[in-house]
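>
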Amino acid sequence: MRKRKRGAVHWVRRGVQAAFLVGFILMAWAASYPPSASLPENLFLRVDPLAGVAAAMRSGLWLYLLPAWIILGLTLVSGRFFCGWICPLGTVLEMIPSLGRRRNKKLSQLRPRDLSGRVIGEGATRLRFKYLFLGVLLLLLALGVNLVWIFDPLVIANRAVSFLLAGSVPFIFIALIVLAGLVGPRFWCQEMCPLGAGLSLACMAGSRLPAGVSPLSLVKDQEICTHCGACARACPFGITEVADSGKRGRLAIADCALCGECVYACPERGALSLRVMGRRVLGSKERLEEVRGPEEMAACGN
Amino acid sequence: MRELKIGRRDFLALGASGAGALLAYALLRGGSEVPLLRPPGAQDEAEFVSRCLRCQECVRSCLTGCLEPAGREYGAGKLWTPRFNPGLAKCEYELCGRACAEACPVGAIDRPPHDQVRIGTAAVIRSKCIAWRDGKACLICQERCAYQAIEADSRGRPRVNAEKCTGCGACQNTCFTNPDPAIVVYVPGAAPADDGGGNNVNRNRGGR
Numbered sequence: 056m057r058k059r060k061r062g063a064v065h066w067v068r069r070g071v072q073a074a075f076l077v078g079f080i081l082m083a084w085a086a087s088y089p090p091s092a093s094l095p096e097n098l099f100l101r102v103d104p105l106a107g108v109a110a111a112m113r114s115g116l117w118l119y120l121l122p123a124w125i126i127l128g129l130t131l132v133s134g135r136f137f138c139g140w141i142c143p144l145g146t147v148l149e150m151i152p153s154l155g156r157r158r159n160k161k162l163s164q165l166r167p168r169d170l171s172g173r174v175i176g177e178g179a180t181r182l183r184f185k186y187l188f189l190g191v192l193l194l195l196l197a198l199g200v201n202l203v204w205i206f207d208p209l210v211i212a213n214r215a216v217s218f219l220l221a222g223s224v225p226f227i228f229i230a231l232i233v234l235a236g237l238v239g240p241r242f243w244c245q246e247m248c249p250l251g252a253g254l255s256l257a258c259m260a261g262s263r264l265p266a267g268v269s270p271l272s273l274v275k276d277q278e279i280c281t282h283c284g285a286c287a288r289a290c291p292f293g294i295t296e297v298a299d300s301g302k303r304g305r306l307a308i309a310d311c312a313l314c315g316e317c318v319y320a321c322p323e324r325g326a327l328s329l330r331v332m333g334r335r336v337l338g339s340k341e342r343l344e345e346v347r348g349p350e351e352m353a354a355c356g357n
Numbered sequence: 046m047r048e049l050k051i052g053r054r055d056f057l058a059l060g061a062s063g064a065g066a067l068l069a070y071a072l073l074r075g076g077s078e079v080p081l082l083r084p085p086g087a088q089d090e091a092e093f094v095s096r097c098l099r100c101q102e103c104v105r106s107c108l109t110g111c112l113e114p115a116g117r118e119y120g121a122g123k124l125w126t127p128r129f130n131p132g133l134a135k136c137e138y139e140l141c142g143r144a145c146a147e148a149c150p151v152g153a154i155d156r157p158p159h160d161q162v163r164i165g166t167a168a169v170i171r172s173k174c175i176a177w178r179d180g181k182a183c184l185i186c187q188e189r190c191a192y193q194a195i196e197a198d199s200r201g202r203p204r205v206n207a208e209k210c211t212g213c214g215a216c217q218n219t220c221f222t223n224p225d226p227a228i229v230v231y232v233p234g235a236a237p238a239d240d241g242g243g244n245n246v247n248r249n250r251g252g253r
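Here the protein sequences line up with chains A and B, keeping their order.
When the letters of the first sequence are read in order and numbered with this note's numbering, they come out as residues 56 to 357.
When the letters of the second sequence are read in order and numbered with this note's numbering, they come out as residues 46 to 253.
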């Protein structure tokens, strides 16, 4: 597939991401003396639930870290919107041209595989490294060893801005960019990031909540979906659960960042929709007239 | 019982983390884990290191620019933690409104009242001090000290009064034997007991 036409949701999200990235850089830049009376310059570090847990466990600053608990609560009802729309590190990594993009593959080729190369199908559970990793980090934290500073995306990004302004080298940031270029733009976010893993767990915890109470949700109509795999090809996170999920209504996929690319890519009218408090803000195929029949739609996908 | 399988992507993630950890170990091993001078009001060293996110907000916020991220010579455990370096500037904690404590997102830096701040304690290195070593009339450290913590003895040689010294670093910053100053701020409790007495004055004098 050559250049795809991008939908409005793509540019809206790019705009939001760019705004948060610029805001993040400006806040880090403005953090020089004197401290601002009106602008909370370290706010981006206080919206981070992983750093928040690490800090509050030792310092007891639960109220000061309120922004982090707000993000955690919103993730519980929405999913990882933070990763897809806000996280400055995720925004930068997503812009990295990568060898790992897989646009032309079939759905069956995109599903996660085990070490012998077989698709991990029904009846098997994929052992997710990132959850083990988060568990180890939190365990070490409870024992008084704080390694959050190495792995937290907002800390990495903040330090990168600070180091670049001071003319020194942000090694971890560069390593992540190299990783994104070699493996996939969102590989870090999807498979490694401990903050992302924590937000995934929060999403799972709230997965039974209906779309009506969710500030941002992805909703699928099982009757219309043909499992063609167009959503999986479009997903910047490389997940196939949107096509594979047998769930009705709000999908609440742990790894989904609610970017909406799949909704735009979906060839079936009304199969997927992005909703705000249950109200549809974007539906699949809503702009195009129904010129092709369902058989043709299914054929063009896979 | 569902079968548990390790995914290729997870294996790759594990490999990438392992490679990163090995590389970090190779680059960082051999650092000495000495206590460092910290921003004014910082928690005690172990607590400070376990709270600090190395986010550099305090370094960015400093009025005088006296903080820097600790390099790898101080060990992997303290990499990029803020280090007060009097060689860069003195600490103006009474003027800046404790900008570093204000900036810290995790409460690793407290705000004790001005008179309780003890960043460290200065001590004269007599083998380098030209007043002690050469008998020259230099008391620039005494002139710059805002806390009257440096007293001249009967022969015009500086001595530090550890009771009054806050460790602000003005003396070290101004000592004109810089960048190898003859008066140095030590972390609390680490200054030589009788202000430079640990240096063998007579031996050094004889050698020059």
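Backbone N, C-alpha and C define an ideal beta-carbon position, used for all residues, glycine too.
(1) Unbroken beta strand (DSSP E) runs of length 3 or more, entirely within the segment 205-286 of chain A: which are they?
(2) Less than 7 angstroms between C-beta atoms, sequence neighbours within five positions excluded: which residues of the same chain meet that for V268 (chain A)?
(3) If you reduce the DSSP assignment to three classes, tell me which class P349 (chain A) lands in.
(4) Once the 5 residues before and after A83 (chain A) are set aside, which same chain residues still bring their CB inside 7 angstroms of it?
(5) Going by alpha carbons, who is nearest to V318 (chain A) out of A:E278, A:S272 and A:A309?
(6) Since A148 (chain B) is in the beta strand (DSSP E), which residue starts that stretch and which ends it?
(7) Between the alpha carbons of C355 (chain A) and P322 (chain A), how many angstroms are there, rounded?
(8) According to a CB-to-CB cut-off of less than 8 angstroms, which residues of the segment 128-162 of chain B neighbour chain A?
(9) Taking the alpha carbon of L98 (chain B) as the reference point, which residue from A:S87, A:A179, A:P167 and A:I211 has its own alpha carbon closest?
(10) In whole angstroms, give me the CA-to-CA distance for G251 (chain B) and I175 (chain B).
(11) Could you tell me whether the Cβ of T295 (chain A) comes closer than 9 angstroms to any Cβ of chain B?
(12) List, in order along the chain, the chain A residues whose C-beta lies closer than 8 angstroms to that of I164 (chain B)?
(13) Run through the DSSP bridge pairs and tell me what T166 (chain B) is partnered with.
(14) For K161 (chain A), would you say it is in contact with chain B, using Cβ-to-Cβ distances shorter than 9 angstroms as the test?
(15) Tell me whether the beta-carbon of W177 (chain B) lies closer than 9 angstroms to the beta-carbon of P150 (chain B).
(16) Return the residue from the list B:D160, B:E113 and B:A121 that minimises the CA-CA distance to R128 (chain B).
(17) Any residues in the segment 158-187 of chain A with a beta carbon nearer than 8 angstroms to a beta carbon of chain B? Which ones, in chain order?
(18) State the start and end residues of the unbroken alpha helix (DSSP H) segment that holds S62 (chain B).
(19) Contact between the segment 234-243 of chain A and the segment 118-136 of chain B: three or more CB pairs below 8 angstroms?
(20) From which residue to which residue does the beta strand (DSSP E) around S133 (chain A) run?
(21) Taking Y119 (chain A) as the reference, give the member of A:P167, A:P104 and A:Q277 with the closest Cα.
(22) Run the CB neighbour count on K161 (chain A), radius 10 Å, all protein chains shown included, and call it buried at 16 or more, exposed below.
(23) Please determine, among B:V232, B:F221 and B:R117, the residue with the shortest C-alpha to C-alpha distance to E213 (chain B).
(24) Skipping 5 residues on each side, what residues in its chain have a beta carbon closer than 8 angstroms to that of K173 (chain B)?
(25) Where do the N-terminal and C-terminal ends of the beta strand (DSSP E) with T180 (chain A) fall, by residue?
(26) For E196 (chain B), which residues in the same chain have their Cβ closer than 7 angstroms to its Cβ, ignoring the five residues on either side in sequence?
(27) Just reading off the alpha helix (DSSP H) that E90 (chain B) is part of, what are its end residues?
(28) Which runs of the alpha helix (DSSP H) fall wholly inside the segment 133-175 of chain A and span at least 4 residues, in chain order?
(29) Are the C-beta of Y319 (chain A) and some C-beta of chain B separated by less than 9 angstroms?
(30) For the 8 angstroms Cβ check, are there 3 or more pairs between the segment 51-58 of chain B and the segment 239-257 of chain A?
(31) Nearest chain B C-beta to F218 (chain A) closer than 9 angstroms, yes or no?
(32) Which of the three DSSP states, helix, strand or coil, is assigned to G78 (chain A)?
(33) What is the DSSP secondary structure of L81 (chain B), counted as helix, strand or coil?
(34) In chain order, what residues of the same chain lie with their CB nearer than 7 angstroms to the CB of Y192 (chain B), ignoring the 5 residues before and after it?
Considering the structure as presented:
(1) 272-275
(2) The residue given as residue 268 (chain A) occupies position 213 in the first sequence. Closer than 7 angstroms at Cβ, skipping near neighbours: V132.
(3) Counted from its first residue, the first sequence places residue 349 (chain A) at position 294. Confidence at P349 (chain A) is low in this model, with a pLDDT of 48, below 50, so its placement is unreliable and the value that follows should be read with caution. Here P349 (chain A) sits in helix by DSSP.
(4) The count along the first sequence starts at 1 and reaches residue 83 (chain A) at position 28. Cβ neighbours of A83 (chain A) beyond the five flanking positions: N213, V216 and S217.
(5) As a first step, residue 318 (chain A) must be located in the first sequence, where it is residue number 263. Closest by alpha carbon: A:S272.
(6) Numbered from 1 along the second sequence, position 103 holds the residue referred to as residue 148 (chain B). Per DSSP, A148 (chain B) belongs to no beta strand (DSSP E); it is in the alpha helix (DSSP H), A144 to A148.
(7) Position 300 of the first sequence, counted from the first residue, corresponds to residue 355 (chain A). Position 267 of the first sequence, counted from the first residue, corresponds to residue 322 (chain A). Model confidence at C355 (chain A) stands at a pLDDT of 43, short of 50, so the residue's coordinates are unreliable and nothing is read from them.
(8) C141, G142, A144, E147, A148, C149, P150, V151, G152 and A153
(9) Sequence index remark: in the second sequence, residue 98 (chain B) carries index 53 (1-based). Among A:S87, A:A179, A:P167 and A:I211, the Cα nearest to that of L98 (chain B) is on A:I211.
(10) The residue you call residue 251 (chain B) lines up with position 206 of the second sequence. The residue you call residue 175 (chain B) lines up with position 130 of the second sequence. Here the model assigns G251 (chain B) a pLDDT of 32, short of 50, so the residue's position is not dependable, and the following value carries that caveat. The C-alpha of I175 (chain B) is placed about 14 angstroms away from the C-alpha of G251 (chain B).
(11) As a first step, residue 295 (chain A) is located in the first sequence; it is residue number 240 there, counting from the start. Cβ-Cβ to chain B under 9 angstroms: no for T295 (chain A).
(12) If you number the second sequence from 1, residue 164 (chain B) lands on position 119. Simply none; closest approach about 18 angstroms.
(13) Within the second sequence, the letter at position 121 stands for residue 166 (chain B). Per DSSP, B:Y231.
(14) Within the first sequence, residue 161 (chain A) is the residue found at index 106, counting from 1. It does not; no Cβ of chain B falls within 9 angstroms.
(15) As a position in the second sequence, residue 177 (chain B) is number 132, starting the count at 1. As a position in the second sequence, residue 150 (chain B) is number 105, starting the count at 1. For W177 (chain B) and P150 (chain B), no; Cβs fall outside 9 angstroms.
(16) Indexing the second sequence from 1 puts residue 128 (chain B) at position 83. Taking only the C-alpha atoms, the option nearest R128 (chain B) is B:E113.
(17) P167, R168, D169, L170, G172, I175, G178, A179, T180, R181, L182, R183, F184 and K185
(18) Walking along the second sequence from the start, residue 62 (chain B) turns up at place 17. Unbroken alpha helix (DSSP H) run through S62 (chain B): R53 to L73.
(19) With a cut-off of 8 angstroms, the segment 118-136 of chain B and the segment 234-243 of chain A do not count as touching, because too few Cβ pairs lie within range.
(20) Counting from 1 along the first sequence, the entry for residue 133 (chain A) is found at position 78. It is not in any beta strand (DSSP E) - S133 (chain A) instead sits in the alpha helix (DSSP H) that spans L121 to S133.
(21) For this step, residue 119 (chain A) is matched to residue 64 along the first sequence. Out of A:P167, A:P104 and A:Q277, A:P104 has the C-alpha closest to the C-alpha of Y119 (chain A).
(22) Stepping through the first sequence from its first residue, residue 161 (chain A) is reached at position 106. So K161 (chain A) ends up on the exposed side.
(23) As a working mapping, residue 213 (chain B) is identified with position 168 in the second sequence. With the sequence shown as reference, residue 213 (chain B) is identified as Cys, and Glu is not the correct amino acid for it. Comparing Cα-Cα distances from C213 (chain B) to each of B:V232, B:F221 and B:R117, the minimum goes to B:V232.
(24) Position 128 of the second sequence holds residue 173 (chain B). Excluding residues within five positions, the ones whose Cβ falls inside 8 angstroms are T222, D225, P226 and A227.
(25) Within the first sequence, numbered from 1, the residue matching residue 180 (chain A) stands at position 125. Here the beta strand (DSSP E) through T180 (chain A) covers A179 to L182.
(26) Indexing the second sequence from 1 puts residue 196 (chain B) at position 151. The residues are R204 and N206.
(27) On the second sequence, position 45 is the one that residue 90 (chain B) refers to. In the DSSP annotation of this structure, the continuous segment of the alpha helix (DSSP H) that includes E90 (chain B) starts and ends at E90 to R96.
(28) 143-149 and 162-165
(29) Translated into positions along the first sequence, residue 319 (chain A) becomes position 264. False, the Cβ-Cβ gap to chain B never drops below 9 angstroms.
(30) yes
(31) Taking the first residue of the first sequence as 1, we reach residue 218 (chain A) at position 163. Yes, its Cβ sits closer than 9 angstroms to a Cβ of chain B.
(32) The count along the first sequence starts at 1 and reaches residue 78 (chain A) at position 23. If DSSP states are grouped into helix, strand and coil, G78 (chain A) belongs with the helices.
(33) Translated into positions along the second sequence, residue 81 (chain B) becomes position 36. Of the three classes helix, strand and coil, the one that applies to L81 (chain B) here is coil, per DSSP.
(34) Taking the first residue of the second sequence as position 1, residue 192 (chain B) is located at position 147. Excluding sequence neighbours, Y192 (chain B) sits near K209, C210 and T211.
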